[in-house]
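A short worksheet on the structure shown next.
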Amino acid sequence: MKNYISIEMDAKSENEFFGRLAVAGILTYADPTMEELTDVKTAVSEAVTNSIIHGYENKEGKILMKMALNDNELEVEITDYGTGIEDVKKAMEPMYTTKPDMERSGMGFSFMEAFMDELKVYSKKGEGTRVVMKKIFQE
Amino acid sequence: MKEAEFLVIGKTLVITLLQELDHHIATYIKEESDNIMNKRNIKNVIINFEHISFMDSSGIGVIIGRYKRIMYLNGKLIAVNMQPTVKRIFKMSGLHKIMYCCDTMKDAMSTVQ
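Quick note, the sequences are listed as chains A and B, same order. Adding 103 to a residue's 1-based position in the first sequence gives its number in this note's numbering. Adding 1 to a residue's 1-based position in the second sequence gives its number in this note's numbering.
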């Protein structure tokens with residue numbers, strides 16, 4: 104089955120739950136296992152949270168979430184137009200965080216990498232960040 | 002819908018999570034538990050995962066935050082009633098090595114005695 108859904112949402116922490124709900128929604132007809140579903144929900148939760156905390160630094164903004172399902176492959180793209188990441192490689196290191204005072208674990212990108220089959224991060228300082236993730240479901 | 006329930010038993014604070022532990026809920030848990038710990042003589046914290054089956058890296062952050070505070074007080078931090086999805090996050094992050102993990106509330110309560 105092929106399907107595409109695009110959602111624009113406010114960068115509010117309440118919408119982390121909504122992002123997970125939306126990705127679970129598009130997967131209804133992909134028949135993922137419970138574990139695969141949790142993997143994708145976790146990765147989406149991490150990406151949306153990053154946009155809220157780091158991209159917009161808890162200020163107002165919009166997050167664009169695009170989901171494309173192509174049979175047993177899901178591509179999720181999460182974009183913000185916030186501060187951007189100066190050093191993406193550094194940001195992706197496990198346990199690295201710019202906000203330890205906010206009790207951030209620094210595991211966000213590590214989880215996206217661990218739970219998805221492919222992760223690409225595009226970012227430009229002052230322009231925003233786009234995260235593209237792929238997951239292939241076992242048939 | 003309520004985010005969590007907080008119950009003080011002696012010197013132990015029991016936090017029963019009622020919603021998926023993400024950044025939104027983590028912020029609330031941090032504020033509420035700090036608030037209670039500032040006012041009451043708390044030494045131990047038990048986090049009850051019975052009602053939730055999801056947690057992400059923000060959950061790890063809030064748990065490590067409580068861990069640091071509890072260590073300073075020489076108390077115990079215990080996770081109880083974890084479902085497989087939550088257990089997996091604990092194992093991946095190494096949380097299960099730094100804190101007590103119990104299967105039942107009875108075991109958790111006897112650990113803090």
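Where a beta carbon is used, it is the ideal one built from N, C-alpha and C, also for glycine.
At a Cβ-Cβ threshold of 8 Å, residue 39 of chain B and residue 77 of chain B do not count as neighbours. Between residue 130 of chain A and residue 177 of chain A, the beta carbon gap of about 7 Å places them in contact (Cβ cut-off 8 Å). Taking each of B/86, B/85, B/65, B/89 in turn and checking the Cα distance to residue 79 of chain B, the smallest one comes out for B/65. Within the model, the alpha-carbon separation for residue 85 of chain B versus residue 113 of chain A is close to 32 Å.
For residue 213 of chain A, DSSP assigns no beta-bridge partner whatsoever. Around the beta-carbon of residue 21 of chain B, 16 or more other beta-carbon atoms lie within 10 Å, marking it buried. Contacts with chain A at 8 Å (Cβ-Cβ) include residue 55 of chain B. Judged by DSSP in its simplified three-state form, residue 225 of chain A adopts strand. Of the residues assessed, residue 192 of chain A falls on the exposed side of the cut-off, its CB having fewer than 16 other CB atoms within 10 angstroms.
Cβ-Cβ separation between residue 173 of chain A and residue 105 of chain A: approximately 6 Å, consistent with a contact (criterion under 8 Å).
When 9 Å is used as the limit between beta carbons, residue 97 of chain B is near no residue of chain A, the shortest such separation being about 15 Å. In the three-state DSSP reduction, residue 150 of chain A falls in the helix class (H, G or I). Restricted to the region 21-80 of chain B, the alpha helix (DSSP H) segments that are unbroken, complete and at least 4 residues in length are 24-40, 58-73, listed in chain order.
Chain A has a Cβ within less than 8 Å of the Cβ of residue 31 of chain B.
Judged by DSSP in its simplified three-state form, residue 101 of chain B adopts strand. Taken in chain order, the members of the region 151-181 of chain A whose beta-carbon sits within less than 9 Å of a beta-carbon on chain B are 151, 152, 155, 156.
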